[in-house]
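Asker: Under this note's numbering, read the sequence shown as residues 121 to 320, first letter to last.
C-beta: ideal position from N, C-alpha, C; glycine also.
Source: prediction; values computed, not measured.
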Amino acid sequence: MPIEFPDLANTHLAWITACGKVLLADRELVKWMKGEKDKIAPLTTSRGVACVRLMLGGRSGNHVHFDVLSPEMVSEKLKGESKSTLDDIQKSVSPLVGREVDVNLRGGFETKLQELPDSGIVRSLRFQTKIGNVAIKLDGAMLSIEGAPVQNISWHAGRKDNIRITVEAESLKTTLSENYLISLVDTLQQAFAVFVLGKA
């Protein structure tokens, strides 16, 4: 079955990167993966035209790498490089469906400070103080998490009270199935909802 691509309906979600290695890849598969060219394709979502990038092979030979960028993150340069279609990506990844993958996962979210609860980790850590004429302000931090599917959450404040958050999970063992990208997005969104938005 073909893999499903995320709709990016969550307007906070800006991008995801799933950088994995196919486990138990034999020589023949590695040779084929190394011969595959990178593919960039437009992805129509409820938010507009996003972008999917697939890279196979890499230095290890068994590397399988997906990037999904929201419409707001797609640069004009990347649009110009989008020579492939989603069908091309499906064809390239189809021999890997059903195989086990060890994935390092990252996702970027953007929100306004006003949208975050006072009890959430971002607001509770953000502070400003003054010592004489010297102002000290905490506008970002990296947090390590144990006992959850994700291990790191980092954030920093940008202009106009924009907050950028990165959620990371390392060495997730999963199967490259039709729900591969959907389930990875769900993992990121759940961590964002619980740890950043404070939703149980």
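Pick from K199, G218, A134, C139: whose alpha carbon is nearest that of E298?
Answerer: That would be G218, whose Cα lies nearest to the Cα of E298.
Asker: By how many angstroms is the C-alpha of I160 removed from the C-alpha of I256?
Answerer: Rounded to the nearest angstrom, the two C-alpha atoms are 43 Å apart.
Asker: Report the residue from V305, G278, V194, V142 whose alpha carbon sits nearest the alpha carbon of T164.
Answerer: The shortest Cα separation from T164 among V305, G278, V194, V142 belongs to V194.
Asker: In angstroms with no decimal places, state the Cα-to-Cα distance between L176 and D187.
Answerer: In a straight line, the C-alpha of L176 is about 12 Å away from that of D187.
Asker: Given this structure, state the Cα-to-Cα distance separating S180 from L144, to the nearest angstrom.
Answerer: About 12 Å.
Asker: In the DSSP assignment, the beta strand (DSSP E) including E290 goes from what residue to what residue?
Answerer: It spans 282–295 - the beta strand (DSSP E) in which E290 sits, taken as one unbroken run.
Asker: Out of G168, L258, A138, which has the shortest C-alpha to C-alpha gap to A129?
Answerer: Taking only the C-alpha atoms, the option nearest A129 is G168.
Asker: Is F247 helix, strand or coil when you go by DSSP?
Answerer: Coil at F247, not helix or strand.
Asker: Output yes or no for whether 9 Å exceeds the beta carbon distance between Q210 and I123.
Answerer: In this structure, I123 lies closer than 9 Å to Q210 by Cβ.
Asker: Among A268, S244, P191, which one has its Cα closest to the Cα of T131?
Answerer: Ranking A268, S244, P191 by Cα distance to T131 puts P191 first.
Asker: What is the rounded straight-line gap between the Cα of D238 and the Cα of D281?
Answerer: When rounded, the distance between both Cα atoms is 15 Å.
Asker: Below 8 Å CB to CB, which residues in the same chain sit around T295 once its five sequence neighbours on both sides are set aside?
Answerer: So the qualifying residues of the chain are G218, R219, E220, V221.
Asker: How far does the alpha helix (DSSP H) with A106 in it reach, from first residue to last?
Answerer: The structure shown does not extend to residue 106, since the chain is modelled only from 121 through 320, so no value can be given for it.
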